[in-house]
Every structure is written in structure tokens, then in C-alpha cells.
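Student: Let me begin by handing over the structure; questions about it come next.
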Amino acid sequence: MVPTRDLLAPLDTFERRHTGSAAAEVAAMLQAIGQPSVAALADAAVPADIRLPRPLNLPAASGESAALAELRSIAGLNQVYRSFIGQGYYDCATPGVIQRTILENPGWYTAYTPYQAEISQGRLEALLNFQTVVTDLTGMQIANASMLDEGTAAAEAMMLAHRVKLGDSHEASVFFVSDRCHPQTIDIVRTRAQPLGVTVVTGDHRTYTFAGRVFGVLVQYPDTTGSIHDFAAFFEQAHAAGALCVVATDLLALTLLRAPGEFGADVAVGSAQRFGVPMGFGGPHAGFLATKDEFKRQMPGRLVGVSKDVHGNPAMRLALGTREQHIRRDKATSNICTAQVLLAVMASMYAVYHGPEGLKRIAERTRRLTSLLATALRSAGATINAEPVFDTLTVGNVAAVRVHAAAAAKRINLRVVDDYTVALSLDEVTTLEEVQTLLACFSESAALDLSSDLRPLSAEFGRSTPFLTASVFNRYHTEHEMLRYIKRLEAKDLSLCHSMISLGSCTMKLNATSEMLPVTWAEFGKLHPFAPAEQTRGYARLFADLETWLSEITGFAAVSLQPNAGSQGEYAGLLVIRAYHQSRGEGHRHICLIPTSAHGTNPASAAMCNFKVVPVACDARGNIDVADLKAKAAEHSANLAALMVTYPSTHGVFETAIREICATIHAHGGQVYMDGANMNAQVGLTSPGHIGADVCHLNLHKTFCIPHGGGGPGMGPIGVAPQLVPFLPGHPVVPTRAASPISDLKSQIGAVSAAPFGSASILVISWMYIRMMGPDGLTRATQFALLNANYVAQRLEKYFPVLYRGGHGLVAHECILEFRPWKKHGLEVEDVAKRLMDYGYHAPTMSFPVPGTLMIEPTESETKAELDRFCDALISIHGEMAAVASGESDKLNNPLKHAPHTAAAVCATDWPHPYSRETAAFPDAPTRAAKFWPAVGRVDNVYGDRNLVCSCVGMEAYAEAPKA
1 MVPTRDLLAP LDTFERRHTG SAAAEVAAML QAIGQPSVAA LADAAVPADI RLPRPLNLPA
61 ASGESAALAE LRSIAGLNQV YRSFIGQGYY DCATPGVIQR TILENPGWYT AYTPYQAEIS
121 QGRLEALLNF QTVVTDLTGM QIANASMLDE GTAAAEAMML AHRVKLGDSH EASVFFVSDR
181 CHPQTIDIVR TRAQPLGVTV VTGDHRTYTF AGRVFGVLVQ YPDTTGSIHD FAAFFEQAHA
241 AGALCVVATD LLALTLLRAP GEFGADVAVG SAQRFGVPMG FGGPHAGFLA TKDEFKRQMP
301 GRLVGVSKDV HGNPAMRLAL GTREQHIRRD KATSNICTAQ VLLAVMASMY AVYHGPEGLK
361 RIAERTRRLT SLLATALRSA GATINAEPVF DTLTVGNVAA VRVHAAAAAK RINLRVVDDY
421 TVALSLDEVT TLEEVQTLLA CFSESAALDL SSDLRPLSAE FGRSTPFLTA SVFNRYHTEH
481 EMLRYIKRLE AKDLSLCHSM ISLGSCTMKL NATSEMLPVT WAEFGKLHPF APAEQTRGYA
541 RLFADLETWL SEITGFAAVS LQPNAGSQGE YAGLLVIRAY HQSRGEGHRH ICLIPTSAHG
601 TNPASAAMCN FKVVPVACDA RGNIDVADLK AKAAEHSANL AALMVTYPST HGVFETAIRE
661 ICATIHAHGG QVYMDGANMN AQVGLTSPGH IGADVCHLNL HKTFCIPHGG GGPGMGPIGV
721 APQLVPFLPG HPVVPTRAAS PISDLKSQIG AVSAAPFGSA SILVISWMYI RMMGPDGLTR
781 ATQFALLNAN YVAQRLEKYF PVLYRGGHGL VAHECILEFR PWKKHGLEVE DVAKRLMDYG
841 YHAPTMSFPV PGTLMIEPTE SETKAELDRF CDALISIHGE MAAVASGESD KLNNPLKHAP
901 HTAAAVCATD WPHPYSRETA AFPDAPTRAA KFWPAVGRVD NVYGDRNLVC SCVGMEAYAE
961 APKA
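By the count of UniProt numbering, the sequence shown reaches residue 964 at its end, each step adding exactly one.
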């Protein structure tokens, strides 16, 4: 009989939809593991001395419909005014076909980073298109596949210039930034420069005199006031002084303006937000960075390149893999792990949909309306930019208070400058009626002169070169064709729509529909990040809830929601630690201890803070070598700044010495930074604060259900202990928190992301997840994560040994399987990864943290049936491997070595293999019922890096060339 309490619970209780298996299946899994219950399993796996003394103090679980209704009421607290604030954020029209078939489509938003290229060709093509859009419009030779936002892209450009000009030198140096750059960009550049000892000088580029060792300059084009400058002469001076030239620019403006690459720029950065991506109170948006070919190996982030597969067909993959953090660690070009893939895909499709002529028409219309307004304002006695403008006007000689009041009465926001000056930016969706309304805010008697001609841009400003000439930008301009193109690309990518993606450390969780629905609500999507506080009370409530809930879950005193990626969270957490030491007169502390098993972003982040990385050994069981840790902590006691540690360990084990480890660091004056990558094994059972950490970043795109989006967006907020609260990130435009007894805000570090609350619009996903799960559901999710991982480990142990186990022979939420012994038979772990594609699966994390292994994290939402299907696939592959080892199968011509098998290869007239076509394509019953076909055969990465092609123009040339 169903208990009355359960019978009266909401019928749409979410927790039972989120955790995977039914009671009978759970019982069978527990029996296989040898545990009586999921609670008993958690008790055995998690050390008793770090277990929480009480349940989480969170609101009780809400049903799906009730949670949506509650969030709808919170959204109603936001007031959606028409925004003309500009400053890097603009309203735009997201084409319905892009919103419905990409932004709202789990086939796009649940995919993983395209590290397995053969089952990621759709996203890779879209990203190649994005790179082409950026290189064509900026006039640069190579662009990456997106950055986190414009401000951080500018900071990365500064770092690139520093590497090119100064290498690893930390001698006194100067980076000049025009004071006409957006204020949030200037602040982020200052934040990034300070730990490295770089002096940021701001001023007017027209009067700046180069002095000292200037390695780079940054200007805005058009600038934040709207003016367009000719930087050619200034860039000549900069190059003569030995500096690289960086331009922060606007892609829509560049359809009409001379490309930065044509007047001396070395790097171009910016945001693709206005290419069809809602403002979303600040994000997520795809930033971009483009540069000259000679600097490609210094570029941060990811780069999509064209290569070929084993059949000689063009195939895309992530290029220049040697820049990956797990290889170069503290020498990596950046700490970026999460990009903004989903948003870059949207922006690229916006360019495909409109094509070059459509984009130019949008830009010309925007410029025409701006010109009409400028002429009328000037006639009314206001002063306007002396230089040419595109879409932004800085209007002087006006009573600003009166103008803003008149605008507010019409539910319009303008940019606040000073008592006599107002700025405004027009955009794609501006109408002639709105321009007339704007004019009336300044002068009731002024009128637009629609008969006036628009002056063409002069030669030093106007664009004379074509762009987006590749066929992809000139073919899909009807909705039918656009829809089919998007769906063709989608069909090439494996996502959570198809099967479990069991990547260790990456936590590919269920992205529930109810969590995703609010993302596109207008009350969240159409707000400008710098809108007045009285219009954003709904967001304020959302942030307050999340900060409170995440503080409770982590055991910390406060949380900052600003970092818009896990890498940004790492960096912000270390900056906070650095500022704390400086406040105590201990700025000399610069040693950061990092276990050798740590994720590669850890040492890369430490290097960005100018910390010296000292590796700590791990023992044979994968745990931190406590003796080595104590010795190095003692050796560097006077200068110890921090320990970066992941918990459970990167090896998937709850280390029993974690409290002793934290105490050791504290005893030597350091702070403990905990990487939140494995938080899915902690929620409700233990917490970073309870364990003894001082700061932890949270991957909301992992533990708290924000989708990976094919490699981004992400969010990486940080939680901190009381002593670190005063140093949490600030923002130059919008305050991120109120002063309190803990913090007077004077000690805050600068901004780490362009928007004050990072990618705010996707925070609704984590809010919905926590609200629907409640404290019991969150705890049960963690228990099920442990259950599923241990079940997989138990089923596969006799085929592929589990490398590391903790207490009672259990793993945490993930396990590492050993494949290295097969190397003597000519079989590599990569062969297993590629063969899994034939079974319809994405490979688990390959060769990290241990080369020649697979790290599997099934998450709590997978059912026993799906876990068994995955395990059966690996067991079947084990049989194929055994056949090679015994000589039954040819050592080179076997299903593993030729995986993955494409439909074209299987259907070809010639079949040069001793195994059957059925074995190749349909190795088990599930593949016969529902087959996912890899789009290309195994990709040749070496060829691609030796023949680097990073645009769709090159892709088309390759495709048309005769095969060798």
C-alpha cells in the first residue's frame, strides 16, 4: 500500500523523474554491490568524519508545475523596458527557426564538447562557420570557436600580446587601454593584469605618448560613446614601439566598416550577442577572438580545423590539441575549458540565415535610423559625436534627469552618463516610431527629417571588401532550407537524446524540460544587464535564493554568481585567496600546491594569478601522498598561498585524509581551494565548507543541471568562507552585493566576467533543479550517483580492472577502468573509444587522469537498463579485444581498428574486412533497434594540424579537391 504521505504528494513530483531506476532495479543493483540500501552505500563510501551532521536546510521539494508557477511569479517582478543602453548589449531578433531548433532543442543543448570528432560533425561545422564569420568581418586570418564574453576576450588578447612580446618575463610592462572602451572591459583587463605585475594605463589614444615597455594597446571600434576612429596612425606608432594592437569591435558594424585587419590590428575581440542571441541580463553570449596566422599557437580557447578521415573525406575536429591544459598545465595558453558553443552556433546560424546582404541591410537600417535621430537632435540644440557613428549617440547639452524621466515614463532605458549628457544605442529591432519617441524624450518640438540623405562613410571608415562569400552563407535564406540545414547538422551529433554520456569529471546530467522552459521567457531573456535595479527585482530574488541555497549546500558564508565558467570560478577563487593574503600583509605568499592528478585547468588558473605551481605526488591508490604534501607545505611554509584539491579525488575516491590535508595547509598559513568538478558526490552528504575548504567553485553545468550545450555555456560561481567574503568579485557598473557586517566591499577584487552576474539567464535552470528536488531529493540524487557508479564498476571489474577504490572497496561517483595491458596486443584505449560509437555511445573520459584508461561517471539519472546496455557494449568490445589478443581476429583488420564505421563504408560495394558488415554496424540488439551513424570515419588529427584550415571557405575548397 502507498503511504498516505506519498499518495498526497504532488502528482508531478520531479525527484522520481530525475533519479533513474525503479525500486526493484535499485534492489538488484544494491545486491550486486553488496549493500542493503542506498543510504548504507553512502555511509560505507563517504568517510564518517566528513558527513554532514544534519540534513540540508532548503525549501521542501516542489512539483514541476508549482515550481514553474513560483518562478513565473518571480519573473513577474522584472519589468521589461525597451533598452537603448547599449554598452556591448543590444536587443535583437532571434529567428524563430533558430530559437526552436537550436536554443530550445535538446539535440543541440545536451551534447558534450566535441572531443570525439566523429560524432560531433554537426557542431564542428557550425563552429567552423562561426570562425569564418569572425575572420571575414574582422579581416583577420584565424579565429577561435568562441570565448566567454567580450571583456574576458579582451583580457585574453592582452595575455596573448604579453606572451608574444614578453614570453614568460614578469618584468615591468605596460598595456594601454583606451578610456573609450566599455567600462566592464577595462575593469576585467585590470583584474587580469594586476597579478602579473602589468600596469594598465588608460587614456585618449589620440594623445597617448608611448613610454616604458608597452607590449600592447586596446581600443574600441566603434567606441563606447559611439564614435568611429581611424586607428591606422596610432597603430603605426604602437608597432614602432613594439606593441601588438587589439581592437574590441562589433560584428554588425563591421558589415559596413573597414575591417580591423585592414588598418593594422593584430587581434580583434568582441561579442557575437547581437547576432540573434537574447541579452539575458548579461548572458550567455559568445565572445570571439581573432588574430594573425603567425600567432595561432598563442591563441586561447578552442579552434576548429579541417582534416580528413580514413576514407579521405573532409572531417572537422578540434585543432592544435597540444594547447590542452592537461598537457601544458601551468604553461597552457589559457585556463579556458568551457566555451560558449551553443551561443556561437546560434550566432553562426544567424549569419547563415541572413547572409551577407541580409546582415548589411540590418546594419544599414540601424545606421540610417541613428543618422535621422542625430540630425534631429542636433537641430534641437543638443551636441552629438563629432566623429562618424554607427548605432550609438552620446547626446550632450541636455537636462539628463528630465530626459531619463521622460524615457522612463515611456518604459524606455537610456544610458546614464552625467547631468548634461545621455547616451543611447539603436539596434536591429528599432522602429521608426521608436526613434520618434526617443526624440520626443529630448524635445517635444523636434521632428525627424525623412527626406535627408544618409552620407556614405568615407574611405578610411567604409568597408570595401566582401565578406561571407562561402556558399553556406548564400544558400539557406528560406525557412524550409534553414530548418533542413540545421536538422542535417543535428543528425550528425550524438547527444543525451540518444544515449548516456558517461564522462568522468564532466557530469552529463539530465537537463529536464521544466528546468529549461524559463530560459526563453521574455522576463528573463530581454533584460539589459545594466537596467535599473527597480526593474530587475525578479532577478534579484532569483540571485538571493540561489546564493542562499548554494551557501547551504556548500557550507560557505557567501557565494558570487559572477564567474561564467568553471575556469572563471577557479581563477576568481584564487584571486580571492590572493587578495586575502595581501590584506594581511602577506602578499609574498605565491606557492600553490596542486596534486599531479588535478584537472589541467587548476595549474593554468594558478599561473594566471602569478602563483608558482608545486606538484604534490599521489600514492599507488590514487590518493594525495600526505607525506609529500606535508613536506612541501613545510618547505614552502613562509610563502604558501593555497592548495588546489578536487574532492572526491580526480581518481574517483573519497580520500580519508582530506581533513588532515586541509588542516596541514591551514597550519602553514595557506588557504584551501576545492575544485567543484566532483560536487555531484557531495551534495547532501558532505560539503566543501564542512570538510575544511575555504573556497570552492561550482560547475552549474555539471552538478546543477545547466546543459553543456556542446561545449558551453557554463557557470562557475564560487562559495567562500567568512574570511574571504570581503574579496568576492565586484563590477564597475552594477553592484553585485550590498555591504554587510562581514564585508564593506572596499576589498573586492575587480570583475572577472563582463556581466555582473555572469550568464544570468541560465541560472533559472539551477533554481528550478534545486527547487524541484528539495533537500531530500538532492541528497538522494547524490546517493544514486554513488549507486550507479559502483554498479558499473562491479559489472565491468572482471573485464577491465577498476584502478582505484576507497573504503569498503567502493568508488565515489565515477570509476577509472584499466586498458593499458591491451597495448601489448596492439590495442589502444582510443580504439575502444571509437568502437563505442558503433554501439551508439560517446566514450567516457579518455586517458585522464591516467593515460590509457577510461573514466566513467554515469550520473544519477540513468536507469539500470541504460547502465546495463552500456556495460554490455563494453563487455562485447572486451570480447572483440580478446579475439585480437588470441589471434582469432587480425591484429590490424578488426572492428576496433576500423571503428567507427560509417553508413557509406558499410554500404560500399567493396568491403575489405574479414569481419561482417553486420558486426561492424550492428554489433548488438539495441543498435538494430535504433542506430546512430557516425558522420565520418576516424579522423586524422596529425594531418589536420600539419595542414591547418580553420574556415568553411577552406572546407569547401578541400571538399571540391580531388582525393589523393
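Don't be surprised by glycine CBs; every beta carbon is placed ideally from N, CA and C.
Model, not experiment: these values are computed from the prediction.
Rounding to the nearest angstrom, what Cα-Cα distance links D179 and C245 in this structure?
Tutor: 15 Å
Student: Compare the C-alpha of F932 against each of E490, T548 and A754 and name the closest.
Tutor: E490
Student: Taking only the alpha-carbon atoms, compute the straight-line gap between D136 and I691 and give it to the nearest angstrom.
Tutor: 51 Å
Student: Per DSSP, what are the beta-bridge partners of A558 in this structure?
Tutor: V720
Student: Return the chain-ordered list of same chain residues with a C-beta closer than 6 Å to the C-beta of A885, the five sequence neighbours on each side being excluded.
Tutor: H825
Student: Report yes or no: do the segment 282-301 and the segment 759-769 share at least 3 C-beta pairs separated by less than 8 Å?
Tutor: yes
Student: Buried or exposed for A964, going by 16 or more other Cβ atoms inside 10 Å?
Tutor: Because the pLDDT of A964 is 48, which lies under 50, any placement of that residue in the model is unreliable, and the number read from its coordinates should be weighed accordingly. Under this definition A964 is an exposed residue.
Student: With distances taken from CA atoms, which of A399, T392 and P388 is nearest A382?
Tutor: A399
Student: Kindly list the residues whose CB is nearer than 7 Å to the CB of H311, restricted to its own chain and excluding five residues on each side of it in sequence; keep chain order.
Tutor: A905 and G937
Student: Just checking my contact of A935 with K492 at CB under 8 Å: how many whole Å lie between their CB atoms?
Tutor: Indeed they touch by this definition, with Cβ atoms about 4 Å apart.
Student: Kindly list the residues whose CB is nearer than 8 Å to the CB of A42, restricted to its own chain and excluding five residues on each side of it in sequence; keep chain order.
Tutor: L685, T782, Q783 and L786
Student: Taking only three categories from DSSP, how would you classify K308?
Tutor: strand
Student: On a CA-only basis, which of V653, A193 and T152 is nearest A172? Give me that one, please.
Tutor: Comparing alpha-carbon positions, the option among V653, A193 and T152 lying closest to A172 turns out to be A193.
Student: At which residue ranges does the segment 572-636 contain complete beta strand (DSSP E) runs of 3 or more residues, listed in the order of the chain?
Tutor: 591-595 and 612-616
Student: What's the call for N788, buried or exposed, on a 16-neighbour Cβ count within 10 Å?
Tutor: buried
Student: With R415 as the anchor, note down where its beta strand (DSSP E) starts and where it stops.
Tutor: R415 to D418
Student: Start and end of the beta strand (DSSP E) containing M674?
Tutor: Q671 to D675
Student: Run through DSSP, which three-state label would F654 get?
Tutor: In this structure, F654 counts as coil in the three-state DSSP scheme.
Student: I need the DSSP call for L685, collapsed to helix, strand or coil.
Tutor: coil
Student: Is the beta carbon of S73 less than 9 Å from the beta carbon of E150?
Tutor: No, the pair does not count as a contact, with Cβ atoms beyond the cut-off.
Student: If A423 sits next to L414, beta carbons under 8 Å apart, how far is it from one beta carbon to the other, in whole angstroms?
Tutor: 7 Å
Student: Taking DSSP as the reference, what is the three-state secondary structure of L854?
Tutor: strand
Student: Would you check if there are 3 or more beta carbon pairs closer than 8 Å linking the segment 793-809 to the segment 870-887?
Tutor: yes
Student: In terms of residue numbering, what span does the alpha helix (DSSP H) encompassing E523 cover?
Tutor: A522 to G525
Student: Measuring CA to CA, which of M773, Y112 and L372 is closest to L342?
Tutor: Answer by Cα proximity: Y112.
Student: Quick one: measure Cβ to Cβ for D675 and T656, integer angstroms, because I've assumed they're closer than 8 Å.
Tutor: Between T656 and D675 the Cβ distance is about 19 Å, and since that is not below 8 Å, they are no contact.
Student: Helix, strand or coil for M508 per DSSP?
Tutor: coil
Student: Please classify residue 1006: does DSSP put it in a helix, a strand, or coil?
Tutor: This structure cannot speak to residue 1006, because the chain is shown only from 1 to 964.
Student: Please work out which residues of its chain come closer than 8 Å, Cβ to Cβ, to residue 978, disregarding the five sequence neighbours upstream and downstream, and give them in chain order.
Tutor: In the structure displayed, the chain extends from 1 to 964; residue 978 sits before or after that span and is not available.
Student: Terminal residues of the continuous beta strand (DSSP E) containing D250?
Tutor: DSSP places D250 in the uninterrupted beta strand (DSSP E) bounded by L244 to D250.
Student: Out of curiosity, what's the CA-to-CA distance linking E25 and D49?
Tutor: 31 Å
Student: Any idea if P914 is buried or exposed, counting beta-carbon neighbours within 10 angstroms, 16 or more meaning buried?
Tutor: exposed
Student: What's the gap between the Cα of L745 and the Cα of Q568?
Tutor: 20 Å
Student: How many whole angstroms separate the CB atoms of L550 and P801, which I take to be in contact at a CB cut-off of 8 Å?
Tutor: No, L550 and P801 are not in contact; Cβ-Cβ is about 37 Å, not under 8 Å.
Student: Over the uninterrupted beta strand (DSSP E) stretch that includes T646, give me the two end residues.
Tutor: L640 to T646
Student: Restricting to Cα atoms, I'd like to know which of A540, G711 and F922 is closest to W767.
Tutor: A540
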